Ligand code: HEC
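In the numbering used here, the protein residues as written are -12 to 123.
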């Protein structure tokens, strides 16, 4: 019994960081589906550009999406810190942009960005493993 308890505790500690990450992604997906899909989808351009693969992509470069002039001229590559700044206040990241939407809670921003990263190919292999449906 004590042994069993110990095992459960150990597994719990080992699983914690992985579990927290998975939880963040799951929560981020739910947030994405409630807060972002009014304008975005993963694979199609709508009011806003398609967002699958946005982590590691240069800003303003989704194929066939018609960006604001400011976004089209942007040159930064999206990473987690920049995406969180964007969701805090897009205007401070790309002045003149057209997305007038924010997430007020840091936890929400963390989770949505974790979700976006989970549906983006890892940056290092973005070009070496072209897949129509990476790591769903
Ligand atoms: C009211 C509509 C609207 C909502 C809601 C919205 N967006 Fe956007 N988003 C846009 C538009 C429009 C653009 C393009 C801005 C431009 O061209 O200046 C954009 C651009 C972006 C970009 C930059 C993409 C690129 O290719 O550089 C990211 C990232 C993004 N949105 C994430 C999100 C996330 C995450 C949410 C939900 C929390 C969200 N957006 C909610 C309209 C919206």
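Where is the CB? At the ideal position from N, CA and C, for every residue including glycine. Every value quoted in this text rests on a predicted model; they were computed, and no experiment measured them.
Go ahead and label residue i buried or exposed: buried means 16 or more other beta carbons lie within 10 angstroms of its beta carbon, across all protein chains shown.
i, result
"residue 19", "buried"
"residue 115", "Because the pLDDT of residue 115 is 46, which lies under 50, any placement of that residue in the model is unreliable, and the question is left without a value."
"residue 5", "exposed"
"residue -10", "exposed"
Closer than 7 Å: is that where the CB of residue i sits relative to any heavy atom of ligand 2?
i, result
"residue 26", "For ligand 2, the structure offers nothing, since it holds only ligand 1."
For residue i, name the three-state secondary structure that DSSP assigns.
i, result
"residue 100", "helix"
"residue 62", "coil"
Assuming contact is defined by CB atoms lying nearer than 8 Å, are residue i and residue j in contact in what I supplied?
i, j, result
"residue 46", "residue 37", "no"
"residue 90", "residue 22", "yes"
"residue 97", "residue 11", "yes"
Could you round the C-beta distance between residue i and residue j to whole angstroms and report it? I think they count as a contact, below 8 Å.
i, j, result
"residue 35", "residue 26", "4 Å"
"residue 59", "residue 84", "Not really, about 10 Å apart at Cβ, beyond 8 Å."
"residue 107", "residue 40", "5 Å"
How big is the Cα-Cα spacing for residue i and residue j?
i, j, result
"residue 28", "residue 92", "22 Å"
"residue 66", "residue 43", "6 Å"
"residue 77", "residue 87", "7 Å"
"residue 7", "residue 72", "22 Å"
"residue 9", "residue 64", "25 Å"
"residue 52", "residue 32", "6 Å"
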